[in-house]
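Under the numbering used here, think of the first position of the sequence shown as 87, with each following residue one higher.
All residues carry an ideal CB built from backbone N, CA and C; glycine is no exception.
Structure, as structure tokens:
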Amino acid sequence: MKLIFLGPPGAGKGTIADLAAPALGLPHISTGDLFRAAVKDETPLGLKVKGILASGGLVPDELTIALVEERLAAPDARSGWILDGFPRTIPQAEALERLAPADKAVNFEVADEVVIGRLSTRRVCRACGKIYNVRNMRPKQEGVCDACGGEVYTRDDDKESSIKTRLENYRKQTAPLIDWYGSRGKLLTIGGEGGAEAVFAAFRAALGLNK
Ligand code: AMP
87 MKLIFLGPPG
97 AGKGTIADLA
107 APALGLPHIS
117 TGDLFRAAVK
127 DETPLGLKVK
137 GILASGGLVP
147 DELTIALVEE
157 RLAAPDARSG
167 WILDGFPRTI
177 PQAEALERLA
187 PADKAVNFEV
197 ADEVVIGRLS
207 TRRVCRACGK
217 IYNVRNMRPK
227 QEGVCDACGG
237 EVYTRDDDKE
247 SSIKTRLENY
257 RKQTAPLIDW
267 YGSRGKLLTI
277 GGEGGAEAVF
287 AAFRAALGLN
297 K
């Protein structure tokens with residue numbers, strides 16, 4: 087199964103992908119995680135995109151599509167995947183359609199106030215990308231990832247000024263993808279405002295996985 091997760095930053099795409107990927111036996115491919123790994127490792131790509139990520143801007147389509155093309159060519163991505171954070175623009179969606187068309191685009195609907203609240207309290211593991219929230223999904227030991235022992239930190243782009251830019255970019259460049267996938271009969275929309283378990287249950291129901 088080839089799935090795209092759509093929705094604003096903080097909609098829960100990464101959290102639900104972390105639950106869904108092992109349940110469905112699919113790789114969870116997050117372009118944000120791939121870019122953050124490149125920045126951390128100071129690769130040529132990482133050096134190019136570091137400032138863009140910190141400001142909350144979008145990486146140019148060319149670079150992003152090349153990154154995804156390479157990742158989708160890996161053996162674990164042959165029979166399916168969950169793409170979290172890609173596509174984010176119409177040209178990216180068109181490129182994916184040529185590379186490997188998705189079966190469904192799952193749109194997580196969440197109001198702006200909820201997104202802003204979630205992002206300002208979100209924490210992430212620097213090593214494995216596992217997502218936490220200081221309000222309701224804390225790691226067992228403060229600052230330490232339950233899954234890998236890595237450092238749990240606040241992303242540079244989860245600061246107030248970047249959150250605003252990311253929401254604006256989402257509205258302008260990514261939200262049009264909802265109709266784009268809708269008109270192709272691939273859109274599933276689920277409410278994303280509940281806790282992780284409730285949203286995951288809605289996701290399973292929308293995909294008919296509970297039968
Ligand atoms: P995310 O972890 O999905 O919130 O992504 C973090 C950042 O990585 C974004 O704010 C962008 O700067 C960059 N990024 C991730 N995915 C894409 C994409 N599909 N197109 C452009 N930039 C992206």
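Under 9 Å between C-beta atoms of isoleucine 168 and phenylalanine 121: Along the sequence shown, one-based indexing puts residue 168 at 82. Along the sequence shown, one-based indexing puts residue 121 at 35. It is not a contact, given that the beta carbons lie outside the stated cut-off.
Selected residue, minimal CA-CA separation from arginine 164, among Met87, Glu246, Asp104, Leu293: Within the sequence shown, numbered from 1, the residue matching residue 164 stands at position 78. Per the Cα distances, Met87.
Supposed contact pair arginine 209 and tyrosine 256 - C-beta distance, whole angstroms, cut 8 Å: Sequence index remark: in the sequence shown, residue 256 carries index 170 (1-based). Sequence index remark: in the sequence shown, residue 209 carries index 123 (1-based). Incorrect: roughly 21 Å between the Cβ atoms, too far for contact.
Endpoints, the beta strand (DSSP E) within which arginine 208 is located: Here residue 208 corresponds to residue number 122 of the sequence shown, with the count starting at 1. Residues 208-211.
DSSP-derived helix/strand/coil call for valine 192: Residue mapping note: residue 192 aligns to position 106 of the sequence shown, counting from 1. If DSSP states are grouped into helix, strand and coil, valine 192 belongs with the strands.
Distance, arginine 174 Cα to glutamine 259 Cα: For this step, residue 259 is matched to residue 173 along the sequence shown. For this step, residue 174 is matched to residue 88 along the sequence shown. Taking the straight line joining both Cα atoms gives about 7 Å.
Secondary structure, beta strand (DSSP E): runs of 3+ residues fully inside the segment 133-158: none
For valine 238, the residue or residues it bridges with in DSSP: For the purposes of this step, residue 238 is taken as residue 152 along the sequence shown, with counting starting at 1. The partner list for valine 238 (beta bridge, DSSP) reads Cys211.
Isoleucine 151 beta carbon less than 9 Å from that of proline 177: Against the sequence shown, residue 177 aligns to sequence position 91. Against the sequence shown, residue 151 aligns to sequence position 65. Their beta carbons are under 9 Å apart, which means proline 177 touches isoleucine 151 by this criterion.
Where the alpha helix (DSSP H) through threonine 275 begins and ends: The residue you call residue 275 lines up with position 189 of the sequence shown. That residue, threonine 275, is in no alpha helix (DSSP H); its beta strand (DSSP E) goes 273-277.
Given leucine 274 as reference, the closest of Val192, Glu180, Gly93, Leu110 once Cα atoms are compared: Here the question's residue 274 lines up with position 188 in the sequence shown. Comparing Cα-Cα distances from leucine 274 to each of Val192, Glu180, Gly93, Leu110, the minimum goes to Val192.
Any non-hydrogen atom of the ligand AMP within 8 Å of proline 130 CB: Within the sequence shown, the letter at position 44 stands for residue 130. It does not: the Cβ of proline 130 is nowhere closer than 8 Å to a heavy atom of the ligand AMP.
Closer than 8 Å: serine 116 CB and nearest the ligand AMP heavy atom: Reading the sequence shown from its first residue, position 30 is the one you call residue 116. Because some heavy atom of the ligand AMP lies under 8 Å away, the Cβ of serine 116 counts as near it: yes.
Alpha-carbon spacing of isoleucine 276 relative to cysteine 214, whole angstroms: Looking up residue 276 in the sequence shown gives position 190. Looking up residue 214 in the sequence shown gives position 128. For isoleucine 276 and cysteine 214, the distance between alpha carbons rounds to 27 Å.
Cβ neighbour criterion (16 or more within 10 Å) applied to cysteine 234: Walking along the sequence shown from the start, residue 234 turns up at place 148. Flag for cysteine 234 reads exposed.
For glycine 132 and alanine 179, the rounded distance between their alpha carbons: Start at 1 with the first residue of the sequence shown, and residue 179 comes out as number 93. Start at 1 with the first residue of the sequence shown, and residue 132 comes out as number 46. If you take the alpha carbons of alanine 179 and glycine 132, they lie about 23 Å apart.
For isoleucine 217, the residue or residues it bridges with in DSSP: Residue mapping note: residue 217 aligns to position 131 of the sequence shown, counting from 1. In DSSP, isoleucine 217 forms a bridge with Val210.
Per DSSP, cross-strand counterpart(s) of serine 116: Sequence index remark: in the sequence shown, residue 116 carries index 30 (1-based). DSSP output for serine 116 lists Asp170 as bridge partner(s).
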